[in-house]
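If you read the sequence shown in the UniProt record's numbering, its first letter stands for residue 1, the second for the next number, and so on.
Beta carbons: idealized from backbone N, C-alpha and C, even for Gly.
Bear in mind that the values here come from a model prediction, so they are computed numbers and not experimental data.
So the structure is just underneath, and the comments pick up after that.
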Amino acid sequence: LTVGFGAVTIGSAFMKNFGEFIVIRIMLGCAEGGVLPGIAFLLSKFYRRHELVFRISFFLALGPSLSGAFGGLLAGGLVGGTSIGSVVGWRKIFLVEGIITTGVGFISWFIIPTSPETAKFLNPQQRELAARRLASEHIGEQGGKSTGKAVRQGFANIQTWLCCLGYGLINIPVQGTSLFLPTVIRTLGTYSTVEVQLRSVPPYVVATAWSIFIAYMCYKTRRHGVWIAFSLIFSVIGYIGFVASTNPKFLYAMCFLTYTGAVPCGPIFIAWATANVSPSTSRAITTALVPGIGTYGSIVATWAYLPKFAPRYMPGNALNVGATTLAAVIALLIMVYCKRENSLRDAGKRDHRLEGLNSEEIAALGNRHPEFRYLL
1 LTVGFGAVTI GSAFMKNFGE FIVIRIMLGC AEGGVLPGIA FLLSKFYRRH
51 ELVFRISFFL ALGPSLSGAF GGLLAGGLVG GTSIGSVVGW RKIFLVEGII
101 TTGVGFISWF IIPTSPETAK FLNPQQRELA ARRLASEHIG EQGGKSTGKA
151 VRQGFANIQT WLCCLGYGLI NIPVQGTSLF LPTVIRTLGT YSTVEVQLRS
201 VPPYVVATAW SIFIAYMCYK TRRHGVWIAF SLIFSVIGYI GFVASTNPKF
251 LYAMCFLTYT GAVPCGPIFI AWATANVSPS TSRAITTALV PGIGTYGSIV
301 ATWAYLPKFA PRYMPGNALN VGATTLAAVI ALLIMVYCKR ENSLRDAGKR
351 DHRLEGLNSE EIAALGNRHP EFRYLL
């Protein structure tokens with residue numbers, strides 16, 4: 001998928017008309033769509049559930065922030081540099097980034113294992129220990145034969161759908177800030193395209209540092225809903241500032257808050273949903289559903305930040321006050337639900353699920369097993 005994404009990106013440098021643009025974008029979506037869920041699922045095969053949330057959050061929070069920061073720097077250098085053969089201007093960005101992505105994809109094929117059992121950098125004893133660490137926590141996952149039931153269980157999980165909703169709501173401010181930030185920077189002075197790109201880097205850098213902090217706190221406290229809600233407070237304040245003020249310097253400062261507050265939360269929703277679903281087949285469904293369904297946020301942001309709403313983009317900014325607030329509420333609701341469900345299981349009020357089941361059926365219960373405990 002990564003190699004395919006890189007190859008299509010290279011092809012983007014040679015588009016000549018609208019028809020080719022549509023074909024390239026469709027191919028790009030097909031290649032890109034499975035990368036994020038695939039990486040999240042791959043990480044779930046290496047780490048225990050509370051460790052998984054930190055790793056996925058760390059990776060996915062760093063991804064967009066660093067790509068935004070270094071992408072802006074790279075784009076600034078490429079746009080202002082000399083041509084690469086017949087490739088000039090913005091086309092150089094697609095060509096160079098496509099080559100880099102394709103190279104990373106090829107290298108990953110040889111160095112990234114698919115499970116601890118196939119990890120060449122571990123000795124046999126370490127592989128066995130890694131497998132036992134995971135098995136000790138994966139209650140209700142020893143069966144592996146009820147694939148159809150596991151698929152249905154993945155689709156029927158209420159937490160998964162709440163995380164889909166939350167992830168989509170987070171997508172709106174993340175995409176919204178990306179669209180609004182260049183407009184704000186242009187109001188600060190007369191800047192070239194390259195200078196605008198360079199001035200867009202600081203908010204991404206700050207967001208990266210904040211994302212690492214929030215992911216670490218989730219890992220250390222084993223609490224996720226409360227940290228999502230806490231981080232989103234900054235986004236709410238930032239978007240209220242967008243709505244209330246027209247001062248360019250103030251708006252630029254608010255961009256730090258809106259983006260920094262929102263960026264850590266999407267990855268946590270994905271990781272949280274993945275960690276609270278079992279067995280492996282259900283987790284695979286969840287890792288695809290949350291970012292897949294959650295892309296509705298990008299669609300909403302595109303229509304909320306139309307050029308006709310420039311320069312203040314009031315519809316989009318007002319919408320994001322509500323979106324970030326609702327996402328925080330959803331995170332807290334999931335946390336309350338998980339805490340209540342764990343209490344019911346502690347009290348033995350889910351033990352009836354074991355009645356009349358044979359050992360194989362009990363082993364296939366996954367997260368419905370009375371001994372399974374949800375992460376908050």
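Proximity of the segment 281–298 to the segment 151–166 meets the contact definition, three or more beta-carbon pairs being nearer than 8 Å.
Straight-line measurement puts the Cα of I362 at about 10 Å from the Cα of G356.
For W109, the enclosing alpha helix (DSSP H) covers residues 91–111. The DSSP assignment places 158–187, 193–199 as complete runs of the alpha helix (DSSP H) inside the segment 158–200, in order along the chain (cut-off: 4 residues).
Counted as a single uninterrupted DSSP element, the stretch harbouring G34 is not any alpha helix (DSSP H), since DSSP gives it neither H nor E. Check the Cα spacing between I270 and each of V290, P264, G105: the tightest is with V290. Every unbroken stretch of the alpha helix (DSSP H) spanning 4 or more residues and falling wholly within the segment 292–341 is given here in chain order: 296–304. In this model, G103 and A215 are separated by some 29 Å (Cα to Cα). Between the alpha carbons of S192 and V300 lies a gap of roughly 29 Å.
Between P37 and A150, the gap from beta carbon to beta carbon reaches 8 Å or more.
L357: not part of any alpha helix (DSSP H); DSSP gives it neither H nor E.
From the listed residues R55, I111, P116, G148, the smallest Cα separation to L365 is found for G148.
With a threshold of 16 other beta carbon atoms within 10 Å, T246 falls short and is exposed. When the Cα atoms are used, T2 and S343 turn out to be separated by approximately 43 Å. The alpha carbon of R368 has as its nearest neighbour, out of S359, E360, R345, the alpha carbon of R345.
Spatial neighbours of T183 in its own chain (CB-CB distance under 7 Å, excluding positions within 5 residues in sequence) are listed in chain order as A310, P311.
When rounded, the separation of the alpha-carbon atoms in I56 and G266 is 10 Å.
Taking C-beta atoms under 8 Å as the contact rule, L375 and A275 qualify, at a distance of about 5 Å. I158 counts as exposed, since fewer than 16 other C-beta atoms from the protein chains shown sit within 10 angstroms of its C-beta.
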